[in-house]
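Following the numbering used here, the numbering of the sequence shown begins with 2 at its first residue and continues without gaps.
Glycine residues also receive a C-beta, built at the ideal position from the N, C-alpha and C atoms.
Structure first, commentary second.
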Amino acid sequence: MSKNITANYQYNNLHLVDPHFGSKLNTLILELDYLRKKPLNGTTHPLIFLQLKNIFHLLESIGSARIEGNRTTLAEYIERRIEENKKKDERFLEIENNEKALSFIEENIFHIKIDRTFISELHKMITKDLTPAPRGEGSSKPGEYRKNNVRIAGTNHIPPDFTQIDSYMEELINFINKNNPPQYDLLKTVIAHHRFVWVHPFDNGNGRVVRLLTYAMLVKSGFKVHLSERIINPTAIFCSNRKKYYHYLSVADSGKDEDLLKWCEYVLKGLKNEIDKIDNLLSHEYLQDRILLPALVFALERKYITDKEYKILSLAVKKKSIKAADIKPLFTGKLPAEISRMIKRLKDKKALQAEKTGTRKYVLNFENNYLLRGVIYALDKENFLPIPINK
Numbered sequence: 002m003s004k005n006i007t008a009n010y011q012y013n014n015l016h017l018v019d020p021h022f023g024s025k026l027n028t029l030i031l032e033l034d035y036l037r038k039k040p041l042n043g044t045t046h047p048l049i050f051l052q053l054k055n056i057f058h059l060l061e062s063i064g065s066a067r068i069e070g071n072r073t074t075l076a077e078y079i080e081r082r083i084e085e086n087k088k089k090d091e092r093f094l095e096i097e098n099n100e101k102a103l104s105f106i107e108e109n110i111f112h113i114k115i116d117r118t119f120i121s122e123l124h125k126m127i128t129k130d131l132t133p134a135p136r137g138e139g140s141s142k143p144g145e146y147r148k149n150n151v152r153i154a155g156t157n158h159i160p161p162d163f164t165q166i167d168s169y170m171e172e173l174i175n176f177i178n179k180n181n182p183p184q185y186d187l188l189k190t191v192i193a194h195h196r197f198v199w200v201h202p203f204d205n206g207n208g209r210v211v212r213l214l215t216y217a218m219l220v221k222s223g224f225k226v227h228l229s230e231r232i233i234n235p236t237a238i239f240c241s242n243r244k245k246y247y248h249y250l251s252v253a254d255s256g257k258d259e260d261l262l263k264w265c266e267y268v269l270k271g272l273k274n275e276i277d278k279i280d281n282l283l284s285h286e287y288l289q290d291r292i293l294l295p296a297l298v299f300a301l302e303r304k305y306i307t308d309k310e311y312k313i314l315s316l317a318v319k320k321k322s323i324k325a326a327d328i329k330p331l332f333t334g335k336l337p338a339e340i341s342r343m344i345k346r347l348k349d350k351k352a353l354q355a356e357k358t359g360t361r362k363y364v365l366n367f368e369n370n371y372l373l374r375g376v377i378y379a380l381d382k383e384n385f386l387p388i389p390i391n392k
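The structure is reproduced here in structure tokens:
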């Protein structure tokens with residue numbers, strides 16, 4: 002590997018760093034390793050959990066786009082979802098591309114290797130149908146490493162000469178796939194994130210790709226995100242304070258072990274905080290009291306739902322799933338046909354969904370309808386949102 006010196010960073014062989022035994026970073030690694038292995042016995046209904054996971058995919062995608070300058074607000078994107086607005090707008094398409102890439106990772110990461118093909122596929126997905134830079138957030142060569150030298154706006158870092166990219170990325174991919182002891186998984190993920198940003202291999206979209214790569218490495222290393230397991234939202238660490246993110250990336254650019262350790266501590270502390278916070282949503286009681294019932298009150302107060310609908314949906318929250326016989330005591334004297342019509346109206350509004358195909362048991366649905374406004378409001382009130390709703 003030849004050496005390449007930039008304005009602020011002398012090339013160093015990509016390597017793992019060892020935190021001191023009694024350091025805060027070592028404690029964080031031990032705590033996160035415990036969370037990774039901890040059996041999760043959540044009481045949240047799987048269909049509710051899936052909707053929440055999709056919301057956090059949305060937050061992850063908006064947050065990643067906003068770091069790169071996309072000014073779409075959460076409120077704007079939510080309204081687009083609710084209204085099913087299909088009008089072409091590249092601000093929204095950038096976010097939608099990222100959501101698709103997250104789903105691609107979850108569906109495939111345990112069956113494929115993190116290699117050049119995988120990284121190139123992520124780049125193709127996030128730049129698909131977007132206007133190439135500098136006018137847009139797309140790429141002139143999706144999936145291909147850049148063939149020219151670039152500068153990164155707003156930083157002092159000058160990425161390596163384009164002739165070095167192949168060798169640096171080969172080194173990074175080998176580093177990612179090296180069979181190290183599992184206690185190094187988290188350090189490897191965070192160091193790989195920094196090195197990818199430093200190399201800046203693509204003409205555009207490097208930030209979005211590296212945050213997807215970080216997500217993929219976390220999932221592959223055991224932070225499982227399948228149905229009824231765990232939600233992780235690593236981009237929340239970076240988008241909640243963009244300046245802090247760039248500051249610690251810049252610190253790590255020195256190449257010194259002590260500065261790489263500072264970068265690692267910054268990222269892993271944020272990850273631990275996010276996991277602790279979001280794991281609360283696995284508890285049905287917590288979710289009911291802090292998120293779902295307040296969301297229904299929000300909807301009722303704004304007349305998105307009627308008093309009768311509020312009663313039915315509140316019962317669905319408390320019982321996790323309901324059938325017509327559960328609803329009948331709420332409305333004394335109502336005929337079964339009338340109860341059936343109430344359920345049908347809520348299904349038509351996408352506020353209830355069948356628990357299973359062909360069943361007559363129903364679960365609350367809030368993912369793409371007016372109830373989503375209340376859920377987002379409640380998540381914000383409980384400090385789950387890394388980005389502002391209206392700014």
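- Put simply, the backbone Cα of Phe197 is about 7 angstroms away from that of Val211.
- Closest by C-alpha distance to Asn369, out of Leu31, Ile56, Lys38, is Ile56.
- For secondary structure counted as the alpha helix (DSSP H) over 4 or more consecutive residues, the segment 232–256 holds these complete runs in sequence order: 236–240, 243–253.
- The Cβ-Cβ distance between Thr45 and Leu365 does not fall below 8 angstroms.
- Burial is judged here by how many other beta carbons sit within 10 angstroms of a residue's own beta carbon; Pro182 has fewer than 16 and is exposed.
- Contiguous alpha helix (DSSP H) elements confined to the segment 280–352 occur at 285–288, 294–302, 308–320, 325–328, 337–349, taking only those with 4 or more residues.
- Inter-segment contact for the segment 320–335 and the segment 354–363 is present: three or more beta-carbon pairs are separated by less than 8 angstroms.
- If the five residues before and after Leu36 are omitted, its C-beta is found closer than 7 angstroms to the C-beta atoms of Ile276, all from its own chain and listed in chain order.
- Less than 8 angstroms divides the Cβ of Tyr371 from the Cβ of Tyr305.
- Residue state for Pro387 is assigned as coil, using DSSP reduced to three classes.
- When the five nearest sequence neighbours on each side are left out, the beta carbons in the same chain lying within less than 8 angstroms of the beta carbon of Ile96 are those of Leu59, Ser62, Ile63, Ala66, Asn71, Thr73, Tyr78, in order along the chain.
- In this structure, the straight-line span from the alpha carbon of Asp186 to that of Leu297 is close to 41 angstroms.
- Annotation: the segment 178–215 contains the following complete segments of the alpha helix (DSSP H) (minimum length 4 residues), in chain order: 186–200.
- Going by DSSP, Leu365 is part of the beta strand (DSSP E) stretching over 363–365.
- Put simply, the backbone Cα of Pro330 is about 10 angstroms away from that of Ile340.
- Taking C-alpha positions only, Asp381 is separated from Ser168 by approximately 44 angstroms.
- A distance of 8 angstroms or more separates the beta carbons of Ile159 and Arg147.
- In this structure, Asn98 lies near Lys129, with their beta-carbon atoms less than 8 angstroms apart.
- Taking the CA atoms as reference points, Gly137 sits about 33 angstroms from Ile279.
- Per DSSP, the beta bridge partners of Ala355 are Tyr363.
- Non-local C-beta neighbours of Lys312 in its own chain, meaning closer than 6 angstroms and more than five positions away in sequence, comprise Leu331, ordered along the chain.
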